[in-house]
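Trainee:
4 protein chains.
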Amino acid sequence: MAPKQFSHVYIDRVLDPAFQNWKKHFGKASLRVHKAHLCMLDETHIVDGGAAARIARGIVRLEKEFFPPARIPQGVEDLYFLFEKALAEIEGEEEAAWLHTARSRNDMDTTIFRLVLRERFWGLIDRLCGLLRALRARCEAGESELTVLFTHGQPANPSTTAHYLSALVMDLIEDADYMLRALEDADRSTMGACAITGTGFPINRARVSHLLGFEKYIINTYQAISTSHWLVSCALSLQNLMIDIGRFIADLMHKASSEVELYRFPDELVQISSIMPQKRNPVILEHIRIQAEMVAGECESVADAFRNVPYQDVNEDADLIISKFLDTIEESASVLDLVEETVTKMIADTSRAREICAQFGVTTTELADSLVRIYGIGFRVAHRICSEFVSKGYAIGALRAAFLRETGRKLDISDGEIEDLLSPETFVRVRATAGGPAREGMREVYRAFERGLQDIKDELSARMNCWRDADDELDRCFTSLVARTQG
Amino acid sequence: MAPKQFSHVYIDRVLDPAFQNWKKHFGKASLRVHKAHLCMLDETHIVDGGAAARIARGIVRLEKEFFPPARIPQGVEDLYFLFEKALAEIEGEEEAAWLHTARSRNDMDTTIFRLVLRERFWGLIDRLCGLLRALRARCEAGESELTVLFTHGQPANPSTTAHYLSALVMDLIEDADYMLRALEDADRSTMGACAITGTGFPINRARVSHLLGFEKYIINTYQAISTSHWLVSCALSLQNLMIDIGRFIADLMHKASSEVELYRFPDELVQISSIMPQKRNPVILEHIRIQAEMVAGECESVADAFRNVPYQDVNEDADLIISKFLDTIEESASVLDLVEETVTKMIADTSRAREICAQFGVTTTELADSLVRIYGIGFRVAHRICSEFVSKGYAIGALRAAFLRETGRKLDISDGEIEDLLSPETFVRVRATAGGPAREGMREVYRAFERGLQDIKDELSARMNCWRDADDELDRCFTSLVARTQG
Amino acid sequence: MAPKQFSHVYIDRVLDPAFQNWKKHFGKASLRVHKAHLCMLDETHIVDGGAAARIARGIVRLEKEFFPPARIPQGVEDLYFLFEKALAEIEGEEEAAWLHTARSRNDMDTTIFRLVLRERFWGLIDRLCGLLRALRARCEAGESELTVLFTHGQPANPSTTAHYLSALVMDLIEDADYMLRALEDADRSTMGACAITGTGFPINRARVSHLLGFEKYIINTYQAISTSHWLVSCALSLQNLMIDIGRFIADLMHKASSEVELYRFPDELVQISSIMPQKRNPVILEHIRIQAEMVAGECESVADAFRNVPYQDVNEDADLIISKFLDTIEESASVLDLVEETVTKMIADTSRAREICAQFGVTTTELADSLVRIYGIGFRVAHRICSEFVSKGYAIGALRAAFLRETGRKLDISDGEIEDLLSPETFVRVRATAGGPAREGMREVYRAFERGLQDIKDELSARMNCWRDADDELDRCFTSLVARTQG
Amino acid sequence: MAPKQFSHVYIDRVLDPAFQNWKKHFGKASLRVHKAHLCMLDETHIVDGGAAARIARGIVRLEKEFFPPARIPQGVEDLYFLFEKALAEIEGEEEAAWLHTARSRNDMDTTIFRLVLRERFWGLIDRLCGLLRALRARCEAGESELTVLFTHGQPANPSTTAHYLSALVMDLIEDADYMLRALEDADRSTMGACAITGTGFPINRARVSHLLGFEKYIINTYQAISTSHWLVSCALSLQNLMIDIGRFIADLMHKASSEVELYRFPDELVQISSIMPQKRNPVILEHIRIQAEMVAGECESVADAFRNVPYQDVNEDADLIISKFLDTIEESASVLDLVEETVTKMIADTSRAREICAQFGVTTTELADSLVRIYGIGFRVAHRICSEFVSKGYAIGALRAAFLRETGRKLDISDGEIEDLLSPETFVRVRATAGGPAREGMREVYRAFERGLQDIKDELSARMNCWRDADDELDRCFTSLVARTQG
């Protein structure tokens, strides 16, 4: 039979791009799958012990000697066929073919993709934990940094950098938690599902899954091959993270704007305009926004790619989209790096915070609350008194007059005490109930942070250790299999 | 001060639509928040016991007598102001105002939205559990229904309805699990966060959270008001579900097409063409596709609405988007109803499955595997023999000849035995490893299903019971508070 | 034959919702299609003249007497079947059936949907023209209103309200142009395409198209039924508009923020906080953002609903999605109303603009340019001189010293002249090249606006007049057809 | 002043990636902008003739000698600063700086991006025209290829390959038309807008626009810098195209499936399964679907990146997103190549079409219509007669009996004539009204195709010629400017 010739367009636009993706991303994982499957075939005696050992030796040789060409050769479908051919040349076609017993390209490919995605996504979660730790340190450094928080774009309450940033931190912990949860679906072996219905050979699916460090294997063989959760869930969880980061950056851009300037950035993060010498653009924030937006868009794109795609083995979860998604993961790491750089280096301007508080009278609500607490008057009357105080330009005399008129009583606290009630520091200090900006309020926030981050790190370590232990075990098994040929 | 007049456009396009949304969806939850907050204010003595009791009595009266007008009156911002005014008319403005101590529209609103979203989303998950149970029954009924499964649109392997549907079921269980996980973020009280920084009053945040049946409260007060997870996560988890359903329906449309016809539908689900009497359109499948697509799009829309929106209190998570999302939840219930109707009533055509198997020789791979197992020959040679068998039109003579030539041995099994090896029933029966279509393979699938569904139902019940218990407790507390006025 | 019974779920979740959509939106357009088709059947003698006249009379009667029930009756597929049955009761089934000659539900439905979409979308473009006209008036009122324009969130250049708003106006004109272009694909008759391949009857497709006021008909009969451009293009063009409005509002929110306050809003557009008396929230801007975001999301949803949907007659472009899109069009009108209300009523604060200019030295670039023009020095040296001026706190002495040192020449203009060169008014006045903020620069902008708006209004009028003329012609033809029965 | 040091993270994650994008894509266009701007500065005497000539000579030298480093050096913002510095080293800083008179990075960058986008997008439209031409040829070759068209997944009508494909062709022409329309907004010079408000120098904006081959320039200077139409519109028009291709491929996958097999593919486009020798996967179709989906997603991503981004100069339309979009354009070309390869090489199976027609009785509607036309009976009665014919298994006797019973008349045509009326060839032949599959019906389709394609090619040529002529003119002007230094 003459070797099959593929159309040039098909080679240029489909086969070769896939070949490049496989060479770049999936070679190492392929070898682990070959090894784990072969160990299992040997242990279950599906393949004769001697043959298994010889195939193992061939794999070891190819590990060193197999160098795929720059471009896919005519007539070849993919990297796997080249590898198979090389193995056949060493071991003889007949014996080499035993390696492919009780497996299919379907279960191999999806297992390989999962192995690679898992490793990169764990890496990203680990990077996120680093960011969380850095943000935590910035919170602590910012416990006494007065700032102003906004609602609907208007200055609302004084607070601290610690209180502000720890809100973001707690949201990011939830994001990390989603990401771990999403990855669970990727952290599943599909080996043994073969094409879609498993096999008649007495395989041990749990064993292959274990040797590859998976938490479990997907039981239903059709689901194993057809499901897209493992990819879509990861994409959606990343989109979630990027939306949160995008929201935080939009807020920080406002706080860092030249008119608000609650936070500034050092020179190393600022660009100047070629035409306007006086401008100091913190465009780093804009770049985070853009990069986060593109990641969010790419994640949506992955999810949408499965719209109305038949629930079958399809190539949507094959090399093209996975490879693009691996790039997206790398872009996400860029976003996290930039957020860390920005937040850890931003400089709070406490006096500017005080200025905004004074200008917009944002502590007046606390004065009203204090009047309620001190004098036992109603909320509405206190509100009315303070509204008049505001409308009279914060004149203390007006406040005393209004108090007298509305309550029939004298406001018997000193001007100094009134000013203290109006200071942003008092505002913050009295907000001591759980989660408020006062030191006591923040204590519970930190506790929740530590608990949350520890849970994530524990789960991440547990999973990554499981994977490393499995790697060691696979190496041991495979080495002893190879050793048998030398006895 | 003359009452404030709002612009007509603003009333027509913003205030009144919001008023309608509040009347339709959020009235009942608002009352519970009033009650829980008042009980806490009473218990912590922030509000004097007598006043608290009188306000409670006023709330009870308004529960029966407060009827908001059809359209928002000029000068009124929202339903809440009308309620507040009505309460002030009963209790006197001064005393009524105590109800609003140590809270704000910000924490009230987001708590109310969460209460309503939680209830509806739990309802949807409950509906999904019902669907899962129905699908499980359909699996059992379909254990012996032979079908054909496809890969990349090509007939690949014989299998059973049970094996096929249980793959979907397992994916849906994962979806349900995501939905529960996503809802956790909504199942948090935000009361006590007040505007954004909490309050100086000695409130008990845990108590209000408990009385409203929340699992926890969000500690950081700024996060409590600014976070969008509770809405975005629910939307993304629902999108995930709809993508899976969309994929299943795309596959089922192929299986139900007039050329494939592995499944048919009863007359009650089929429409006929006005011009082509012979057509039997199972357009129900198309309608599921469309409805699922629209839900998926609406979910994306919710998530995208937060793009670049400052991390502050914003109206993106207020009545407009929530109300639309409540509609989306109802549309999702429609999708689930239609899937249940379709899948439980679809009729498998086992003889058609057998026909497709024969026509496309999809069992040939099993013959090759059997030759490997019986004769210990290699996979590739078996493959070659079977390829020749196929190319010679499935002539058994050709098979024997090829076997002899390739292996040098005689194929010493009878024609009947060969035909049996080629039968779809044998194909299914031998696939007995975990998750395969054989009865033994399916056993583990069912176990995983039962475990998965039970976990979901347990968590759902736990949460819903907690909520109902809290409702009872709140009623008791509030009733005893009201009773105090009658002492 | 017993009347067909549909499943209750199918009725509740598919048939009845569709029935409601049809009653609400498509009844009137259906009648026009019946009439136009009947006139053509009569004119081409496909239907006998007497029968045509009697059917026409029946239609007239049903126009007054046909009242569909509140809910779809069991056994009925849709509104059309009820109408058909009612006509058959009047005319006799045999004769009534002639109305359906040489047409199908397929071509009727898509023609009806196009008629309705066209009318609503034209209405929206007309509304947009109204907004453009109002924005134009606001530009004129704001020709001398000094403002500050920003780049990357930093104050960059002084300008005027007219210059700023007219940029938006020109973008909106491009949006309107897209919308008109998109609607062209909807403004096509599909009648005569029948199911998908036309008919053997000697119909006159152009005639029906003409009587329904369409610009053309879609020639290829399969395309006529299967294409989704008419809906997707309209959705994408609306998304385009909403993205632009969203960007403008994001910018205006910054300009209207309490720290920038280049624009303020009258009381009728502002809400106050229940707890913070000093806050004036222009939340109308936030509501525009949210409504625009939801429209954008719904438009994306429409486009995405066609992903991987076979290029056939499908229900994606049937009543469910169209009806939702009609709601989206109405929501878009709300956005336009709110933008008009906001922009026409916003109040520029020219003194605040002057203050920002002074504070951030945004006119320094003009000083540098002036030095280049007056003294013929290089751009870089002028830049250097001005940078020093800025860093020395805008001290004119420092400017003179730097000029002397860098150029070896004396800066021989007076302090007053220097201050004038630094004034925002000068900055604006000298920018007189095409499209700049000076009066001469704006002249060309207005010309482009007038030309652009006129083109849109001309095309819109032409199309709408064509439609109204066709309506008149159809009424005449149909009336004369009916009259024949009374002769 | 010590040279500025940027943070390493900022260099790695922002500056260097941008530097790589600029080197890869935008170098050549930058030079053209320098040249055109310099010619204008010289012609308007804003820059002294001698200096202009010397700067021109410097640019020519740098064209040959300027080699940017592999990685961005510390302290450098971007490629432009390096180029500027190199020019200053040749010409002296003072003189070199004149090149930057009356322009800014803002107007330069967006003009450069537009030049590059325009060229690539024109290239893509040209590629699409090639595909249209190839599809047209495939239509002609397929005029007598009988096929079956489906509605809602059900076989509906016989037709021809020509009729089927030409429907797609007409949709693609509309897509090409949108793409051209969208590109109009990119085909606009922004030079002279400078930062955002133009300049006080007496520049000639029209001249620069003309020398760069733009159709027009954007008049309002703020719009010129802030608008995102030029990018968003192109993205949306490409999304539109991909949705259409996706729909066609979804339909073709059905027609090419093993059960339908109306079209087959040659071996060079087909992959085989490693485990199932009998499968012939036309996975090329799946790859088109996936690639088209990813392009559609990336286009949406571009549009969504502008959500809530202030209407200012922002980096969303700078190098990162543009560069990604240039990749998307290349991926679109891959989709078009694969569609052409697939459609031109697909092989129709006319006998299979005939078989499907017979099996599903899809020509029965034509029989009904014929009875109406021949015997003047009503449509409903004909429908009823034919329904009975179908339900009696297409027995001609049953047809005659039903006809007699329903009409009281004898069906006086021969069995042969009846069979002829039922043949797919007759079905096609009688559908001769405009746009139907008969030869006469198709004539108007071809005419529309030729007109549509010619319009697109004319506009494309006009624009591309205008650009090439401008290139020549710019070269002449610039060469004569350089020549002046050598006089």
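Protein chains in written order, with my numbering: chain A, 5 to 491; chain B, 5 to 491; chain C, 5 to 491; chain D, 5 to 491. Yeah, the Cβ is synthetic: ideal placement off N, Cα and C, and Gly gets one too. Model, not experiment: these values are computed from the prediction.
With contact counted as at least three CB pairs below 8 Å, one residue from each stretch, are the region 421-431 of chain C and the region 115-132 of chain C in contact?
Mentor: Too few Cβ pairs lie closer than 8 Å, so no.
Trainee: Mind checking which residues open and close the alpha helix (DSSP H) that includes Ser327(C)?
Mentor: What you label residue 327(C) is simply residue 323 of the third sequence in a count that begins at 1. Looking at the DSSP string, the run of the alpha helix (DSSP H) that includes Ser327(C) is 323-349.
Trainee: Buried or exposed: which applies to Phe71(C), given that a residue is buried once 16 or more other Cβ atoms fall within 10 Å of its Cβ?
Mentor: Counted from its first residue, the third sequence places residue 71(C) at position 67. Its Cβ having fewer than 16 others within 10 Å, Phe71(C) is exposed.
Trainee: Hey, out of Asp46(B), Asp416(B), Glu359(B), Leu187(B), whose CA is closest to Val236(B)'s CA?
Mentor: Taking the first residue of the second sequence as 1, we reach residue 236(B) at position 232. Selected option, being the one with the closest Cα: Leu187(B).
Trainee: What's the gap between the Cα of Arg140(D) and the Cα of Val385(D)?
Mentor: If you number the fourth sequence from 1, residue 140(D) lands on position 136. If you number the fourth sequence from 1, residue 385(D) lands on position 381. One C-alpha to the other measures close to 41 Å.
Trainee: Could you name each continuous alpha helix (DSSP H) segment of 4 residues or more that falls completely within the region 229-278 of chain B, going from the start of the chain to the end?
Mentor: Taking only runs of at least 4 residues, the alpha helix (DSSP H) segments lying wholly in the region 229-278 of chain B are 233-259.
Trainee: Where in the region 25-101 of chain C do unbroken runs of the beta strand (DSSP E), each at least 3 residues long, occur, reported from the N-terminal end onward?
Mentor: Within the region 25-101 of chain C, no complete beta strand (DSSP E) run reaches 3 residues.
Trainee: Do you know how far the Cα of Leu150(B) is from the Cα of Asp353(B)?
Mentor: For the purposes of this step, residue 353(B) is identified with residue 349 of the second sequence, where counting begins at 1. For the purposes of this step, residue 150(B) is identified with residue 146 of the second sequence, where counting begins at 1. Using only the alpha carbons, I get a separation of about 8 Å.
Trainee: Which residues mark the beginning and the end of the beta strand (DSSP E) in which Thr155(C) is found?
Mentor: Taking the third sequence and counting its residues from 1, one reaches residue 155(C) at position 151. Where Thr155(C) is concerned, the enclosing beta strand (DSSP E) stretches over 150-155.
Trainee: Along chain B, which residues have their Cβ under 9 Å away from the Cβ of Leu342(C)?
Mentor: Here residue 342(C) refers to the residue found at position 338 of the third sequence. In chain order: Val13, Tyr14, Arg17, Val18.
Trainee: What's the gap between the Cα of Ile279(D) and the Cα of Ala309(D)?
Mentor: Stepping through the fourth sequence from its first residue, residue 279(D) is reached at position 275. Stepping through the fourth sequence from its first residue, residue 309(D) is reached at position 305. Low confidence applies here, because Ile279(D) scores a pLDDT of 47, under 50, leaving its location unreliable and the question unanswered by this model.
Trainee: Answer yes if the region 289-304 of chain C comes into contact with the region 224-235 of chain C, meaning at least three C-beta pairs across the two stretches below 8 Å, and no otherwise.
Mentor: As far as the Cβ criterion goes, the region 224-235 of chain C does not touch the region 289-304 of chain C, which means the pair count is below three.
Trainee: What residue from Val347(B), Val376(B), Arg211(B) has the CA that sits closest to Val173(B)'s CA?
Mentor: Taking the second sequence and counting its residues from 1, one reaches residue 173(B) at position 169. Nearest of Val347(B), Val376(B), Arg211(B) to Val173(B), Cα basis: Val347(B).
Trainee: Nearest chain C C-beta to Leu135(B) closer than 8 Å, yes or no?
Mentor: As a first step, residue 135(B) must be located in the second sequence, where it is residue number 131. Cβ-Cβ to chain C under 8 Å: no for Leu135(B).
Trainee: Helix or strand or just coil, what does DSSP make of Lys220(B)?
Mentor: Position 216 of the second sequence, counted from the first residue, corresponds to residue 220(B). Note: Lys220(B) maps to strand in three-state DSSP.
Trainee: Listed from N- to C-terminal order along the chain, which residues in the region 127-160 of chain A have their beta-carbon within a distance smaller than 7 Å of any beta-carbon of chain C?
Mentor: Per Cβ criterion, the list reads His156, Gly157, Gln158, Pro159, Ala160.
Trainee: With respect to the alpha helix (DSSP H) encompassing Thr164(A), which residues constitute its N-terminal and C-terminal limits?
Mentor: Locating residue 164(A) in the first sequence gives position 160, where the first residue counts as 1. From DSSP, Thr164(A) is part of no alpha helix (DSSP H) but of the beta strand (DSSP E) over 158-164.
Trainee: Where DSSP assigns a beta bridge to Ser193(B), which residues make up the other side?
Mentor: Your numbering for residue 193(B) matches position 189 in the second sequence. Answer is Tyr221(B).
Trainee: Identify which residue in Phe218(A), Glu463(A), Pro159(A), Ile177(A) has its Cα closest to the Cα of Thr201(B).
Mentor: The residue you call residue 201(B) lines up with position 197 of the second sequence. Answer by Cα proximity: Pro159(A).
Trainee: What are the residues in the region 236-256 of chain C lying within 8 Å of chain A by C-beta distance?
Mentor: Residues passing the 8 Å Cβ filter: none.
Trainee: Given this structure, state the Cα-to-Cα distance separating Ala438(A) from Ala452(A), to the nearest angstrom.
Mentor: Position 434 of the first sequence holds residue 438(A). Position 448 of the first sequence holds residue 452(A). If I take the Cα positions, the gap works out to 11 Å.
Trainee: Could you tell me whether the region 314-330 of chain A touches the region 321-330 of chain D, using the rule of 3 or more Cβ pairs below 8 Å?
Mentor: Segments in contact, no.
Trainee: Just the Cα atoms here: how many angstroms apart are Ala456(D) and Cys133(D)?
Mentor: Start at 1 with the first residue of the fourth sequence, and residue 456(D) comes out as number 452. Start at 1 with the first residue of the fourth sequence, and residue 133(D) comes out as number 129. With the sequence shown as reference, residue 456(D) is identified as Gly, and Ala is not the correct amino acid for it. Near 11 Å, if we compare the C-alpha coordinates of Cys133(D) and Gly456(D).
Trainee: Look at the alpha carbon of Ala228(A) and the alpha carbon of Glu144(B), and state the distance between them as a whole number of angstroms.
Mentor: As a position in the first sequence, residue 228(A) is number 224, starting the count at 1. As a position in the second sequence, residue 144(B) is number 140, starting the count at 1. Rounded to the nearest angstrom, the two C-alpha atoms are 20 Å apart.
Trainee: State the start and end residues of the unbroken alpha helix (DSSP H) segment that holds Leu431(C).
Mentor: Start at 1 with the first residue of the third sequence, and residue 431(C) comes out as number 427. Note that residue 431(C) is Phe in the sequence shown, not Leu. That run of the alpha helix (DSSP H) goes 428-434.
Trainee: Taking the DSSP output, what are the residues bridged to Ala501(A)?
Mentor: Shown here, chain A extends from 5 to 491; a query on residue 501(A) therefore has no answer.
Trainee: Do Pro286(B) and Lys349(B) have their beta-carbon atoms positioned less than 8 Å apart in this structure?
Mentor: Walking along the second sequence from the start, residue 349(B) turns up at place 345. Walking along the second sequence from the start, residue 286(B) turns up at place 282. Their beta carbons are not under 8 Å apart, which means Lys349(B) does not touch Pro286(B) by this criterion.
Trainee: Report the neighbours of Phe269(B) on chain F: residues whose CB is nearer than 7 Å to its CB, in chain order.
Mentor: The structure shown contains no chain F; its protein chains are A, B, C and D.
Trainee: Taking Cys133(A) as part of the alpha helix (DSSP H), name the residues at either end of that continuous run.
Mentor: Residue mapping note: residue 133(A) aligns to position 129 of the first sequence, counting from 1. Here the alpha helix (DSSP H) through Cys133(A) covers 109-145.
Trainee: Which of the three DSSP states, helix, strand or coil, is assigned to Asp459(B)?
Mentor: One-based indexing of the second sequence puts residue 459(B) at position 455. In the structure shown, Asp459(B) sits in a helix (DSSP, three-state: H, G or I).
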